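Read through the structure below, which is laid out as C-alpha cells, and then see the notes.
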Amino acid sequence: MKNLLHFLFLLALGGVASAGKLQVVATIPDLADIAEQLGGERVEVRSIAKGTQNVHSVPLRPSTLVHVNKADLFLQVGLSLEHSYVPSLLMRARNRKIQPGEPGFVDTSVGWEAIQVLDSLSRSQGTDLHPMGNPHFNLDPRGGAFIANHILEGLLRVDPEGKAYYEKRHADYLRKIEQADVRWAKVREHLKGRKVVTYHADFNYLLESLGITLVATVEPGFGVPPTPGDLARLIQLMKEQEVSVILTGKWSNNQNVRFVADKAGATIVEGPTMVGGVPGADSWIQMMDLLHSDLDKAFE
Amino acid sequence: MSVFNKQLIPAAVLISSTALCQGPAFDSPGASRYFNTGQINQFTNDFNPAIGVVVDFFGDYLDSDSDDGFDLQLRLVELNVSGFVDPNVWAYLALVSEGGESPEVEEIALNYIGFEGNSTLKAGRFFVDFGKQMFNHLEELRTLERPLPLREYLGEELGGNGVQYDNWFAVGESPVRFSLGVFGSLLGEGEEDEVGPVGAVPDRKDVDELSFTARLTSMTDVGDSGLFQLGASARIVPEYSVEFEPASLQQDGLSNTVYGLDATYGWTGETGLKAFTAGAEVLLFDGDLAAELDDPDAPTALNVVDDTATGFFAFADYAWNRVSSAGVQYALADLPSDPDLNQSELDLYYTMHMTELRRLRFGVTLADGDAGDSTRVYIQFTNFFGNHAHGSNW
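Sequences listed follow chains R and H, in order. 25 is the number of the first residue of the first sequence in the working numbering; add one for each residue after it. 29 is the number of the first residue of the second sequence in the working numbering; add one for each residue after it.
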C-alpha cells in the first residue's frame with residue numbers, strides 16, 4: 025500500500041511537472057531533437073514522423089491530434105515538405121496558438137536558399153513536387169544551425185521567461201555543430217568529385233556540400249516509380265559514368281534499388297533521411313556523422 | 029504626330045476607359061455593392077480556390093441470373109473545388125456527372141471553424157456522417173460499389189441539404205468526436221429512383237419531421253504502430269410517405285431508422301509504406317423499410333414492410349509497398365423488401381497506384397442469395413487531375 029501511494033504521488037508529480045513544460049510538436053524527429061537540445065528541461069517535445077518513414081506521407085496517429093491541440097509551439101520544415109498533412113492537421117486540431125502566422129508556429133525554412141526551385145509548375149515533371157524548391161535541407165550540414173536559429177526564435181516568442189536558458193543552450197549547440205563540422209570537413213576532402221545515384225532527391229543538399237555529383241535518381245520524376253525501361257537506362261548510365269554507390273533512405277531502399285545495384289555492380293548505402301532513420305542516428309549531429317562516415321566507407 | 033496617331037490615341041483611351049467602366053471594378057449608383065476592400069471584384073485569379081477533376085472508368089464482365097456480358101463505362105466525372113472563403117470558413121464543391129449524364133451538385137458545403145474550442149458547423153448539401161464509408165464518394169471506395177448493407181439501407185450515396193454540428197474532445201490521448209446533423213430529407217437515392225412506389229417527404233415540415241444523423245466515434249493508439257477506432261452512427265427519418273402515382277396510391281406517416289456500429293484497426297509498418305487495415309460495420313434497419321404494390325398489374329393498395337433488417341460487412345486490406353495493395357470484403361444483409369430473405373457479396377481486389385494521381389484496380393465481386401447470384405469481374409481506372417478535397421471526416 026505504501027509503495028502504491030508512493031507510485032501515485034510520483035505519477036501525480038510527473039503529471040504536474042509535464043503540465044508545466046512547454047508543449048512542442050515537430051513534424052520530423054530532426055526538429056524535435058534540435059528543439060530538445062535548445063529547450064532542455066523547459067520543454068516536452070514530440071515528433072509526428074518516425075525517422076524511418078517517408079517524410080512526404082506520414083501516417084498520423086490519434087494521439088497526434090490531441091498533442092497538436094495542446095501544443096504551445098509547432099515546428100515544421102517548410103518548403104511544402106509537409107503539405108500532405110500539416111494544413112488539414114492544423115485545421116482539425118483547432119489550436120489557434122500554433123496556426124501559421126501566430127507566435128507558436130515555426131516554419132524553419134524561412135530564409136533558406138533552396139535548390140531545385142521549379143521554374144514552371146507542371147505535373148509532367150513528377151507528382152511529388154515542391155514548387156518552392158527541394159525541402160530536404162535537414163540533410164545539409166548547414167541545416168542544423170539554420171533550424172536551431174528558427175527554433176530559438178520560436179521558443180523566445182512563446183516563452184520569453186526562458187530567454188537566458190534557451191540562448192545559452194543554443195550557443196552550446198552551435199558550438200557542438202562547429203566541432204562536428206571539423207570532422208565532416210575531412211570527409212568532404214575525400215569525397216569531392218565522386219558520383220552517386222539516389223532513389224529520391226532527398227540527399228541533394230548533403231551531396232552538394234560534399235562535392236559529390238548526383239548522376240541520376242532511380243525515380244524518373246519526383247514521386248514517380250520507375251518503369252523497366254527507366255531502370256534499364258539508369259543501369260546503362262551508371263555503367264557509362266562508373267557510378268559505384270546508390271544512396272537511399274530506409275523507406276526508399278526497395279526492390280528497384282536492389283535490382284539496379286545488382287545489375288550495375290553498385291553498393292547500396294542506406295542512410296538516414298531523418299533522425300532515427302537507422303540505428304545510431306539518435307540525434308541530428310549523430311545522423312550527419314553517420315551519413316558522412318557511411319559515404320566515406322563506401323568510397324574507400 | 030501623324031493623323032493616324034492623333035486619331036488612334038484618343039480612340040484607344042476612350043475604348044479602354046469605356047471598358048473599365050463596364051468592368052467589374054466599376055460600381056454605378058444603385059448597383060449592388062460588395063463589402064468594401066475589393067477582394068471579390070478587383071483580383072482576377074490570384075485567390076481562386078483549388079480546382080480538380082476526377083475521372084473514373086471501368087470495364088467489367090457480368091454473369092448473373094438475369095444478364096451477362098461485357099461493358100465499358102465512363103462511370104463518373106467529378107469537378108472538385110475547394111478553398112478557404114475567409115479565415116473562418118472552408119468550403120468545397122463536388123459536381124458529379126455519372127455515366128455521361130448531366131452533372132449534379134453532389135456536395136457543396138461551408139465549414140465554419142471560427143468557434144472557440146473544437147466545434148465545427150457545416151451547412152449546405154453534403155454526404156451524411158455515418159460510419160466510415162458513407163462520406164466517401166464512389167471513386168474513393170476500396171471496392172467498385174459501396175458495401176451491400178449500406179446500399180440496401182442507406183443508398184448508394186446519401187446526401188442531403190442540412191446543417192451539421194461537429195465537436196471533438198480528448199480523453200487522455202484519444203480524440204473522441206461526435207456530430208449531429210439536421211436535414212430536410214434523407215431518403216436514400218435508391219428509394220427515390222425505384223420504378224415502383226417512391227418515398228417522399230413533405231415540402232414543409234414540423235421540427236420533428238426533419239431527418240437527423242448522429243455519430244460518436246473515438247480513436248486510440250495501439251502500440252507504436254497501430255490504431256483502433258470505434259464508432260456508432262444513426263440516420264433517422266421520422267416522417268415520410270410512399271407514393272405510386274400511376275394508381276394514385278399513397279401511404280403517409282411512415283418512419284425508419286438505420287443504426288450502425290463500426291470498428292477499424294490499422295497498422296503501419298516501420299517505413300510507413302506497408303499497412304494493414306481491417307474493419308467491420310454492423311447495421312440495423314428498423315421501421316417502415318419498404319413498400320410494395322399488392323398487385324403489380326392492377327395495384328389497389330401499398331403494402332408497407334414494417335420490420336427490422338440487419339446486415340454487416342467486414343474487410344481486410346494489406347498494402348505491401350507504396351504502389352500495391354490487395355484486400356477482401358464480405359457483406360451480408362437482410363433485404364428491406366423482405367427481411368426473411370438475404371443476400372451476400374464477396375469482393376476480392378488488387379489496387380495499383382501507378383502514381384499518386386493514377387490508380388488501377390482489378391476486382392471480382394461474387395453475389396449470392398435470394399436476390400440472385402452473379403459474378404462480376406472488373407477493371408477500374410481512376411485519374412485525378414489536380415486537387416481533390418472535400419469534407420471527409422474520421
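Backbone N, C-alpha and C define an ideal beta-carbon position, used for all residues, glycine too. Bear in mind the structure is a predicted one, so any value in this text is a computation, not a measurement.
Using a Cβ-Cβ distance under 8 Å, would residue i count as near chain H?
{"i": "residue 180 of chain R", "result": "no"}
{"i": "residue 4 of chain R", "result": "Since the displayed chain R opens at 25 and closes at 324, residue 4 of chain R lies outside it and no answer follows."}
{"i": "residue 167 of chain R", "result": "no"}
{"i": "residue 274 of chain R", "result": "yes"}
{"i": "residue 248 of chain R", "result": "yes"}
{"i": "residue 151 of chain R", "result": "yes"}
{"i": "residue 304 of chain R", "result": "no"}
{"i": "residue 105 of chain R", "result": "no"}
{"i": "residue 81 of chain R", "result": "yes"}
{"i": "residue 85 of chain R", "result": "yes"}
{"i": "residue 77 of chain R", "result": "yes"}
Note the first and the last residue of the continuous alpha helix (DSSP H) segment covering residue i.
{"i": "residue 132 of chain R", "result": "Note, residue 132 of chain R: premise wrong, no alpha helix (DSSP H); not H, not E."}
{"i": "residue 259 of chain R", "result": "252-265"}
{"i": "residue 87 of chain R", "result": "86-93"}
{"i": "residue 313 of chain R", "result": "308-322"}
{"i": "residue 320 of chain H", "result": "Counting along the chain, residue 320 of chain H falls outside any alpha helix (DSSP H), though it belongs to the beta strand (DSSP E) covering 303-321."}
{"i": "residue 114 of chain R", "result": "110-117"}
{"i": "residue 58 of chain R", "result": "53-63"}
{"i": "residue 229 of chain R", "result": "228-234"}
Assuming residue i is part of the beta strand (DSSP E), what are its boundary residues?
{"i": "residue 299 of chain H", "result": "Looking at the DSSP string, residue 299 of chain H is not in any beta strand (DSSP E), and its letter there is neither H nor E."}
{"i": "residue 255 of chain H", "result": "254-272"}
{"i": "residue 299 of chain R", "result": "Note, residue 299 of chain R: premise wrong, no beta strand (DSSP E); not H, not E."}
{"i": "residue 440 of chain H", "result": "Here chain H comprises residues numbered 29 to 422, so residue 440 of chain H is not present and cannot be evaluated."}
{"i": "residue 386 of chain H", "result": "386-397"}
{"i": "residue 411 of chain H", "result": "402-414"}
{"i": "residue 279 of chain R", "result": "It is not in any beta strand (DSSP E) - residue 279 of chain R instead sits in the alpha helix (DSSP H) that spans 279-288."}
{"i": "residue 353 of chain H", "result": "352-363"}
Using only the alpha-carbon positions, how far apart do residue i and residue j sit?
{"i": "residue 258 of chain H", "j": "residue 198 of chain H", "result": "15 Å"}
{"i": "residue 99 of chain H", "j": "residue 251 of chain H", "result": "46 Å"}
{"i": "residue 311 of chain R", "j": "residue 416 of chain H", "result": "36 Å"}
{"i": "residue 120 of chain H", "j": "residue 191 of chain R", "result": "45 Å"}
{"i": "residue 54 of chain R", "j": "residue 317 of chain H", "result": "57 Å"}
{"i": "residue 71 of chain R", "j": "residue 316 of chain R", "result": "24 Å"}
{"i": "residue 61 of chain R", "j": "residue 136 of chain H", "result": "47 Å"}
{"i": "residue 195 of chain H", "j": "residue 201 of chain H", "result": "16 Å"}
{"i": "residue 372 of chain H", "j": "residue 281 of chain R", "result": "43 Å"}
{"i": "residue 306 of chain R", "j": "residue 59 of chain R", "result": "14 Å"}
{"i": "residue 50 of chain R", "j": "residue 215 of chain H", "result": "45 Å"}
{"i": "residue 228 of chain R", "j": "residue 337 of chain H", "result": "60 Å"}
{"i": "residue 296 of chain R", "j": "residue 135 of chain R", "result": "25 Å"}
{"i": "residue 150 of chain H", "j": "residue 124 of chain R", "result": "23 Å"}
{"i": "residue 106 of chain H", "j": "residue 203 of chain H", "result": "32 Å"}
{"i": "residue 89 of chain H", "j": "residue 312 of chain H", "result": "32 Å"}
{"i": "residue 2 of chain H", "j": "residue 244 of chain H", "result": "Outside the shown range of chain H (29 to 422) lies residue 2 of chain H, about which nothing can therefore be said."}
{"i": "residue 67 of chain H", "j": "residue 266 of chain R", "result": "57 Å"}
{"i": "residue 253 of chain H", "j": "residue 322 of chain R", "result": "33 Å"}
{"i": "residue 73 of chain R", "j": "residue 187 of chain H", "result": "35 Å"}
{"i": "residue 353 of chain H", "j": "residue 306 of chain H", "result": "13 Å"}
Could one say the Cβ of residue i lies closer than 8 Å to chain R's Cβ atoms, at least one of them?
{"i": "residue 230 of chain H", "result": "no"}
{"i": "residue 299 of chain H", "result": "yes"}
{"i": "residue 419 of chain H", "result": "no"}
{"i": "residue 202 of chain H", "result": "yes"}
{"i": "residue 251 of chain H", "result": "no"}
{"i": "residue 118 of chain H", "result": "yes"}
{"i": "residue 255 of chain H", "result": "yes"}
{"i": "residue 224 of chain H", "result": "no"}
{"i": "residue 384 of chain H", "result": "yes"}
Please compile the residues from chain B whose C-beta is within a distance smaller than 7 Å of the C-beta of residue i.
{"i": "residue 369 of chain H", "result": "As a matter of chain content, chain B is missing from the structure shown, whose protein chains are R and H."}
**Three-pair Cβ contact test at 8 Å for the segment 273-292 of chain R versus the segment 215-225 of chain R** = A contact between stretches requires three or more CB pairs, one per stretch, nearer than 8 Å, and the segment 273-292 of chain R meets this requirement with the segment 215-225 of chain R.
**Message:** Under 8 Å: do the segment 205-215 of chain H and the segment 228-242 of chain H share three or more Cβ pairs, one atom per stretch?
**Reply:** Yes: at least three Cβ pairs fall under 8 Å.
**Request:** Answer yes if the segment 228-236 of chain H comes into contact with the segment 261-278 of chain H, meaning at least three C-beta pairs across the two stretches below 8 Å, and no otherwise.
**Result:** Short answer: they touch.
**Contained beta strand (DSSP E) runs [length at least 3] in the segment 120-187 of chain R, N- to C-terminal order** = With a minimum length of 3 residues, the unbroken runs of beta strand (DSSP E) contained wholly in the segment 120-187 of chain R fall at 129-131.
**Asked** Hey, is the segment 257-266 of chain R in contact with the segment 282-296 of chain R, meaning 3+ C-beta pairs nearer than 8 Å?
**Response** Counting Cβ pairs under 8 Å, three or more are found: they touch.
**Message:** With a threshold of 8 Å, are at least 3 pairs of Cβ atoms found where one atom belongs to the segment 358-367 of chain H and the other to the segment 175-185 of chain H?
**Reply:** Judged by Cβ distances under 8 Å, the segment 358-367 of chain H makes contact with the segment 175-185 of chain H, as three or more pairs qualify.
**Request:** Give, in chain order, every unbroken run of the alpha helix (DSSP H) that is at least 4 residues long and sits entirely within the segment 137-181 of chain H.
**Result:** Listed in chain order, they are 176-181.
**Prompt:** Does the segment 95-103 of chain R come close enough to the segment 172-179 of chain R that 3 or more CB-CB pairs lie under 8 Å?
**Reply:** They touch, by the three-pair rule.
**Message:** Does the segment 101-119 of chain R come into contact with the segment 81-90 of chain R, if we say contact requires no fewer than three beta-carbon pairs (one atom in each stretch) closer than 8 Å?
**Reply:** The way I'd put it, the segment 101-119 of chain R does touch the segment 81-90 of chain R; three or more beta-carbon pairs between them come closer than 8 Å.
**Asked** Can you list the beta strand (DSSP E) stretches of 3 or more residues lying completely in the segment 79-124 of chain H, in chain order?
**Response** As far as the segment 79-124 of chain H is concerned, its whole beta strand (DSSP E) runs of at least 3 residues are 96-114.
**Message:** So, does the segment 147-156 of chain R touch the segment 383-390 of chain H, judging by three or more C-beta pairs under 8 Å?
**Reply:** By the Cβ criterion, the segment 147-156 of chain R is in contact with the segment 383-390 of chain H, since at least three pairs of Cβ atoms, one from each stretch, lie closer than 8 Å.
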